[in-house]
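Below you'll find the structure, written out as structure tokens, and then a few comments.
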Ligand SMILES: [Zn+2]
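In my numbering, the protein residues as written are 10 to 450.
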């Protein structure tokens, strides 16, 4: 199927051709950073790296890492943009902010060409999901300073789609638009997709039957790469749902493949991925590690060896889609920053979601890490579906407690509340509370 690929020459490149392209871009980026970014000039100087001596992709490993904390410190010391900036400010056309849970968000700048790179990599992802020029796309995002949303909108337009911006519309108005216009593609966070589905169900609407939707894509949260969450969205909307991983600081760096659910390809011509173990050595295919990206296209803030804090697993077999792009199994499997320790056991909120979502009677949930009688404890609060009979709630509670204990290896307290009692999320969900960090010793 020729039209499966937007850019077959890149998506099916031989390894030798891709390596040549990556090396040429890497050398350009390192030289540019050393020449024009005061931040990188200091960093590369301190590490005694001479850009002209980068001759192979393996030489990349001699470069120092870049962390988000460093970038934040840099912007705090040199407000408001920091001195990572490697182009004159007059050449910058866009600023976006990272979504920060603590402290000031990072401001990220792009030239016109950088911006094109960001949304074009996103467009290639949308094309891989099957989005075409003939589609009408609803981008149900807030149009705040977050890059994922603007780039999703521009990406759909880049493919020639008819794009319907609904940033300022209420959920009610968005539902009305889905029933009124021939909208075939919806992009939003997975939490918002579930919220929209719930709102439709309350009004007695069947989105699978009453809309023309055929594809949804989800970003901002890992939800769509969790099989049970994806299945829930697909059933509610009558679509195929896809996960789109992205990072403000790097790119819309990949896409979940339609040939194998959960397998995520990387746009290797835009970003060079390394997957590193705890000693910062490259992992073997089939193994997990931290994803480290080097941007191969961005000139305003050209990040080198950026530690994403995301855990991925390098795929160990070729994807049946015919692409040669590097792939990860299951998308982003965990965020190191979300890791919690409970009675010596490591727990990731994503794992809890994997265990909760297969229970169809759960509409919403909240995870509380707390201390009870001096001991760590996890409390899961459930918001049951209004359709669940009162007498069935105890059965649901017991089933969840059993699945969580088996899946996590520790006991979890489960509480079932009243339907609709927990907060719903129209952007990124904040389902996790850690009360332990609020308790001083
Ligand atoms: Zn594939």
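Ideal placement from N, C-alpha and C gives every residue a C-beta, glycine not left out.
At a Cβ-Cβ threshold of 8 Å, residue 390 and residue 374 count as neighbours. In the displayed model, residue 422 falls within a strand according to three-state DSSP. Residue pairing by DSSP places residue 265 opposite 273 in a beta bridge. The continuous beta strand (DSSP E) containing residue 226 extends over residues 224 to 227. When secondary structure is reduced to three states using DSSP, residue 210 falls in the helix class. Residue 88 carries a coil assignment under DSSP once its states are collapsed to helix, strand and coil. Contact annotation: residue 265 and residue 257 have beta-carbon atoms that are not nearer than 8 Å. In the structure shown, residue 310 falls within a coil segment according to DSSP collapsed to helix, strand and coil.
Following the DSSP letters along the chain, one finds residue 373 inside the beta strand (DSSP E) bounded by residues 371 to 381.
Per DSSP, residue 336 lies in no alpha helix (DSSP H) segment; the continuous beta strand (DSSP E) that holds it begins and ends at 336 to 338.
If you compare the alpha carbons of 320, 251, 155 and 365 with that of residue 417, the shortest gap goes to 365. Following the DSSP letters along the chain, one finds residue 353 in no alpha helix (DSSP H), marked with neither H nor E. Contact check for residue 370 and residue 393: beta-carbon distance about 6 Å, within the 8 Å limit, so the pair qualifies. Selection around ligand 1 by beta-carbon proximity, strictly under 7 Å to any non-hydrogen atom, yields 266, 268, 269, 272, 274, 328, 329, 330, 332 and 336 in chain order. In this structure residue 53 does not touch residue 32 by the C-beta definition: roughly 18 Å separates them, more than the 8 Å allowed.
Distances from the alpha-carbon of residue 301 to those of 77, 58, 112 and 361 put 77 closest.
By the CB criterion at 8 Å, residue 346 and residue 428 fall outside the cutoff.
Only residues of its own chain outside the window of five on either side were considered, and among them 209 have a CB closer than 8 Å to the CB of residue 215, listed in chain order. Note that the stretch 124 to 132 does not touch the stretch 172 to 184; fewer than 3 beta-carbon pairs, one per stretch, sit closer than 8 Å. Taking all protein chains in view, the Cβ of residue 340 is crowded by 16 or more other Cβ atoms within 10 Å, so the residue is classified as buried. Cβ-Cβ distances below 6 Å link residue 104 to 116 and 118 in the same chain, with the five nearest sequence neighbours on each side left out; the list follows chain order.
Residue 235 holds the alpha-carbon nearest to the alpha-carbon of residue 252 among 246, 88, 156 and 235. Listed in chain order, the alpha helix (DSSP H) runs fully inside the stretch 113 to 161 are 121 to 138, counting runs of at least 4 residues. Annotation: residue 240 to residue 246 spans about 10 Å, alpha carbon to alpha carbon. Fewer than three beta-carbon pairs drawn from the stretch 396 to 416 and the stretch 161 to 173 are found closer than 8 Å, and the two stretches are therefore not classed as touching. With the rule of 3 Cβ pairs closer than 8 Å, the stretch 143 to 157 does not count as touching the stretch 16 to 34. Put simply, the backbone Cα of residue 27 is about 18 Å away from that of residue 326. In the structure shown, residue 412 falls within a helical segment according to DSSP collapsed to helix, strand and coil. With respect to residue 335, residue 277 sits close: the two C-beta atoms are nearer than 8 Å. Closest in C-alpha terms to residue 406, from the list 383, 368 and 431, comes 368. The three-state secondary structure of residue 48, taken from DSSP, is helix.
In its chain, beyond the 5 residues on either side, 268 and 269 have a beta carbon closer than 7 Å to the beta carbon of residue 329.
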